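So the number in the working numbering is just where the residue sits in the sequence shown, counting from 1, plus 1.
Note that CB positions come from ideal geometry on N, CA and C, so glycine has one too.
Since we're looking at a predicted model, the values are computed, not measured.
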Amino acid sequence: MTSVTVLGLGRMGTAIASRLSSAHDVRSWTRRAGGSPADAVDGAEVVVLALYDGPACHDVLTACLPALTPGVSVVNTTTCSPDEAASLEELVTATGARYVQAPVMGSTPAVDGGRLTVLAGSEPTAEVESVLSVLGETLVFGSSAEAAALKLVANGVLGDSVASLRRSLARGEALGLPRPAVLDVVGRSLLGRFVDGRRAVLDGSGSRPEATFAAGALAKDLALLAAASDTVPEASAALSVLLADGSVGPDDDLSVVGAAAPDLSWLADAHLDVSPEVVADPDVLEPLHAYALTHATGDPAYLPDAFLPTAHVEGYRDGAFASMDLDTFAALFTGPAPDEPTRTRRVERLDVRGSVATAVMTLHHGEVDFTDVFVLLRDPSSGHWRIANKAYERRTSG
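Pasting the structure below:
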């Protein structure tokens, strides 16, 4: 039996402490209960961290430094960035204690059943292995940074699953299919494990469940992945918007993210809607809404809210190339079209990368169809988005 201290009693920390207590002598500490983490660590052979993020680990470990001595092993299950993991290892090993970055794959039910996958950044000692074996299977990698990076990859897969589920539900809706039927099929696909156990909230028949993986935690992890890999996971945009507008709470389970949709009724005055596969920050949609309003009203007064004054418009009008500045483009609008009530516009795609975005809008104006492609920029001082340039194709049927 090994003397273990668990630092952090959130969902995962509480489950880990409970699971380990079946085989080891376990003490625990949480910031909410007060007291010194160093006192809780004093005398422990293995210290297990189950905290929210890298900065929290740094704060708690710094407070524990007086109690970390040669022979003590610190096992950090927290999801953090590769750089943070390397820095925490340096902090701990300077005391003579050992450090194992050991983020885990799996949520609280996996902890309870001893089915976690532990991604260890170094070969565990016998004492550490006796602790990790109670939690599940251990995979050993070459460094703390590598283990941390692999956990971000794993959570990126989880984010991709959320995004894929949202797309599947949106496609079912577009095809007029009942959601239960869509879930019956999706549940038998590679997304089956994600759908299983979350069916009630996904089809709207049940209340929001207790979270096994919180939306806010995944948003944090995807932000770490984006920063470490210089990529933007698709689910990041959906999470950011849904968390910001209150459709999803930070403590909600991921199933709520899969089923939630933002309120876009404010776009209706421009006969504009958004593809269900697109989840966009309302700030990015504002210039597209102003652009669509220009078409809906025939009033060029909305264009300054849509375009930068230096914007250029180029494209093909029924096969003939056209190029114009914003003033020339504005002169095309001379009042609402008689058939405006029947016209529709849709944002089909939107990709935001920092202060740059691209968007695709389709416009169906009677016998004329447009495909518009926009490049948008965000003003760093005001935070406002505007269209920098537009390319388009106009096609007339008949």
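Unbroken alpha helix (DSSP H) runs of length 4 or more, entirely within the stretch 266-306: which are they? 283-298
Mind listing, in chain order, the continuous alpha helix (DSSP H) runs of no fewer than 4 residues lying wholly within the stretch 46-126? 55-65, 83-94, 109-113
Keeping to the same chain, check which residues put their C-beta closer than 7 Å to that of Leu203; ignore five residues upstream and five downstream. In the sequence shown, the residue the question calls residue 203 occupies position 202. Here the set comprises Leu184, Val196, Ser256, Gly259, Ala260.
Considering only the alpha carbon of each residue, which of Ser383, Thr359, Asp370, Ser398 lies closest to Ala389? The residue you call residue 389 lines up with position 388 of the sequence shown. The option with the nearest alpha carbon to Ala389 is Thr359.
CA-to-CA distance, Glu130 to Thr3, given in whole angstroms: Stepping through the sequence shown from its first residue, residue 3 is reached at position 2. Stepping through the sequence shown from its first residue, residue 130 is reached at position 129. The straight-line gap from Cα to Cα measures roughly 10 Å.
Return the first residue and the last residue of the alpha helix (DSSP H) that Gly137 is part of. For this step, residue 137 is matched to residue 136 along the sequence shown. Segment 137-141 is the beta strand (DSSP E) holding Gly137; no alpha helix (DSSP H) there.
Taking the alpha helix (DSSP H) that Leu351 belongs to, which residues open and close that run? If you number the sequence shown from 1, residue 351 lands on position 350. No alpha helix (DSSP H) holds Leu351; the beta strand (DSSP E) holding it covers 345-354.
Got a sec? Which residues, its chain only, sit under 7 Å from Pro110 by beta carbon, not counting five neighbours each side? Here residue 110 is taken as the residue at index 109 of the sequence shown, counted from 1. Excluding residues within five positions, the ones whose Cβ falls inside 7 Å are Thr213.
When burial is assigned at 16 or more other CB atoms within 10 Å of the CB, is Asp270 buried or exposed? In the sequence shown, counting from the first residue as 1, residue 270 sits at position 269. It counts as exposed.
Which partner residues of Ser29 appear in the DSSP bridge assignment? Against the sequence shown, residue 29 aligns to sequence position 28. Ser29 is bridged to Val7.
For Ala150 and Ala229, believed in contact at Cβ under 8 Å, the rounded distance: Here residue 229 is taken as the residue at index 228 of the sequence shown, counted from 1. Here residue 150 is taken as the residue at index 149 of the sequence shown, counted from 1. Their Cβ separation, rounded to whole angstroms, is 7 Å, which keeps Ala229 and Ala150 in contact under 8 Å.
Pro310 lies in the beta strand (DSSP E); which residues open and close that run? Residue mapping note: residue 310 aligns to position 309 of the sequence shown, counting from 1. Element bounds for Pro310: 308-318.
Among the candidates Ala87, Ala39, Val61, Ser190, whose CA atom is the shortest distance from the CA of Thr67? On the sequence shown, residue 67 is found 66 positions in, with the first residue counted as 1. It is Pro, not Thr, that sits at residue 67 in the sequence shown. Comparing Cα positions, the closest option is Ala39.
Within 10 angstroms of its Cβ, does His385 collect 16 or more other Cβ (buried), or is it exposed? Residue numbering aside, residue 385 sits at position 384 when the sequence shown is read from its first letter. With fewer than 16 Cβ atoms within 10 Å of its Cβ, His385 is classed as exposed.
Considering only C-alpha positions, which residue in the set Ser324, Gly35, Glu46, Ala51 is nearest to Val7? Numbered from its first residue, the sequence shown carries residue 7 at position 6. Comparing Cα positions, the closest option is Ala51.
Residue from Glu124, Thr31, Glu128, Leu333 whose Cα sits closest to the Cα of Asp60: For this step, residue 60 is matched to residue 59 along the sequence shown. Answer by Cα proximity: Thr31.
Indicate whether Ala164 and Glu235 have their beta-carbon atoms separated by less than 8 Å. Mapped onto the sequence shown, residue 164 falls at position 163. Mapped onto the sequence shown, residue 235 falls at position 234. Against a cut-off of 8 Å, the Cβ pair of Glu235 and Ala164 comes out as a contact.
Is Ala239 closer than 8 Å to Arg167 when the C-beta atoms are compared? Locating residue 167 in the sequence shown gives position 166, counting from the first residue. Locating residue 239 in the sequence shown gives position 238, counting from the first residue. Cβ distance < 8 Å, so Arg167 and Ala239 count as in contact.
Evaluate Pro310 with the Cβ neighbour count: other Cβ atoms within 10 Å of its Cβ, from every protein chain shown; 16 or more gives buried, anything less gives exposed. Taking the first residue of the sequence shown as 1, we reach residue 310 at position 309. It counts as exposed.
Alpha helix (DSSP H) runs wholly inside the stretch 182-244, at least 4 long, in chain order: 193-196, 200-203, 216-230
What are the residues that DSSP puts in a beta bridge with Ser324? By 1-based counting over the sequence shown, the position of residue 324 is 323. Its beta-bridge partners are Glu315.
The beta strand (DSSP E) spanning Glu174 covers which residue range? Taking the sequence shown and counting its residues from 1, one reaches residue 174 at position 173. Per DSSP, Glu174 belongs to no beta strand (DSSP E); it is in the alpha helix (DSSP H), 145-175.
Closest to Val42 by CA distance: which of Thr63, Pro56, Ala24 is it? Within the sequence shown, the letter at position 41 stands for residue 42. Selected option, being the one with the closest Cα: Thr63.
Can you tell me which residues form a DSSP beta bridge with Thr397? Reading the sequence shown from its first residue, position 396 is the one you call residue 397. DSSP, once it has assigned bridges, lists Val369 as partnering Thr397.
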